[in-house]
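Below: the structure, in structure tokens.
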Amino acid sequence: MGSPSKVVRPEEVLESLKNDGTIDALRMKIIAQLKANEDMKKTTMMMVEHSKVLNTPGAEKKTKRELFDALRQELETPVLEKASKAVWDLILDNGGLGKEITGTVEKVFYRLSGVDMMPPPPPAAGPHQEKDDMAVDECEKSNASDPSSSRKRPFSDMSRKGAGSVTNGSGPDQPELSEDGN
Numbered sequence: 001m002g003s004p005s006k007v008v009r010p011e012e013v014l015e016s017l018k019n020d021g022t023i024d025a026l027r028m029k030i031i032a033q034l035k036a037n038e039d040m041k042k043t044t045m046m047m048v049e050h051s052k053v054l055n056t057p058g059a060e061k062k063t064k065r066e067l068f069d070a071l072r073q074e075l076e077t078p079v080l081e082k083a084s085k086a087v088w089d090l091i092l093d094n095g096g097l098g099k100e101i102t103g104t105v106e107k108v109f110y111r112l113s114g115v116d117m118m119p120p121p122p123p124a125a126g127p128h129q130e131k132d133d134m135a136v137d138e139c140e141k142s143n144a145s146d147p148s149s150s151r152k153r154p155f156s157d158m159s160r161k162g163a164g165s166v167t168n169g170s171g172p173d174q175p176e177l178s179e180d181g182n
């Protein structure tokens with residue numbers, strides 16, 4: 001499958017992502033998607049329109065710099081909180097950018113650990129899985145009705161008799177054999 005792997009610390013993965021410019025590229029994609037977020041734009045505009053700073057008497061007499069500083073003081077925290085939530089939504093999204101970030105981090109991790117090939121993704125349970133499960137159930141039913149099929153002891157029988165004892169499997173009333181065969 002792959003070559004031997006070494007233990008890779010998260011800091012090593014992060015350092016590699018920083019050094020090859022991946023972090024900067026991902027940051028730019030996040031910023032572009034955040035700028036394109038219409039809900040974020042609308043929310044910010046509404047917050048500015050309803051601002052106490054702009055809606056207080058005498059606001060028109062203040063300089064642009066005074067208004068800007070007062071708006072920043074009033075709105076910076078709530079706007080940044082909304083932006084932070086939007087960024088986390090992008091990062092954790094299993095479809096778009098989040099999937100890209102996860103894939104990129106995994107590739108770097110596998111490269112640094114010396115693994116040649118990434119393991120295949122786990123099979124998704126779907127209609128095919130249900131059919132497979134039904135087939136296994138049918139097979140188990142047919143084996144249960146067939147007395148000639150081999151029988152397995154339940155785990156509870158094994159734990160009651162002890163780890164060192166083994167039965168010959170011919171039936172419940174057969175004598176037990178110990179590990180040395182006696």
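Counting from 1, one number per residue, gives the positions in the sequence shown under full-length UniProt numbering. Note that the Cβ used here is the ideal one computed from N, Cα and C, for glycine as well.
How many angstroms separate the CA atom of residue i from the CA atom of residue j?
{"i": "L34", "j": "K62", "result": "31 Å"}
{"i": "K6", "j": "T77", "result": "43 Å"}
{"i": "N19", "j": "G114", "result": "19 Å"}
{"i": "D24", "j": "V13", "result": "15 Å"}
{"i": "Y110", "j": "K41", "result": "39 Å"}
{"i": "A59", "j": "M46", "result": "18 Å"}
{"i": "P10", "j": "V105", "result": "10 Å"}
{"i": "W88", "j": "E74", "result": "23 Å"}
{"i": "L112", "j": "V8", "result": "7 Å"}
{"i": "E100", "j": "I30", "result": "12 Å"}
{"i": "K64", "j": "N37", "result": "27 Å"}
{"i": "G95", "j": "L80", "result": "24 Å"}
{"i": "A86", "j": "P57", "result": "34 Å"}
{"i": "D39", "j": "M28", "result": "19 Å"}
Could you check which residue in the options has the C-alpha nearest to that of residue i?
{"i": "G103", "options": "L26, M40, N37", "result": "L26"}
{"i": "S51", "options": "R72, A32, A36, E12", "result": "R72"}
{"i": "A70", "options": "I91, D89, K29, V53", "result": "V53"}
{"i": "E49", "options": "L67, N37, L92", "result": "L67"}
{"i": "A32", "options": "L90, G95, V79", "result": "L90"}
What are the boundary residues of the alpha helix (DSSP H) that includes residue i?
{"i": "N37", "result": "Segment: none, N37 is in no alpha helix (DSSP H) and carries neither H nor E."}
{"i": "K6", "result": "Run containing K6: none; DSSP gives neither H nor E here."}
{"i": "L112", "result": "97-113"}
{"i": "G53", "result": "Note that residue 53 is Val in the sequence shown, not Gly. Element bounds for V53: n/a, residue is neither H nor E."}
{"i": "T77", "result": "64-92"}
Near residue i, what residues of its chain come up, given a Cβ to Cβ distance below 6 Å and the 5 sequence neighbours on each side ignored?
{"i": "residue 184", "result": "There is simply no residue 184 to check, as the chain begins at 1 and stops at 182 in what is shown."}
Taking 7 Å as the limit between beta carbons, can you name the residues of its chain near residue i, skipping five residues before and five after?
{"i": "T43", "result": "K82"}
{"i": "N55", "result": "none"}
{"i": "T22", "result": "T104"}
Note down, in chain order, each residue of its chain lying with its Cβ closer than 8 Å to the Cβ of residue i, except the 5 sequence neighbours on either side.
{"i": "S84", "result": "none"}
{"i": "L92", "result": "G98"}
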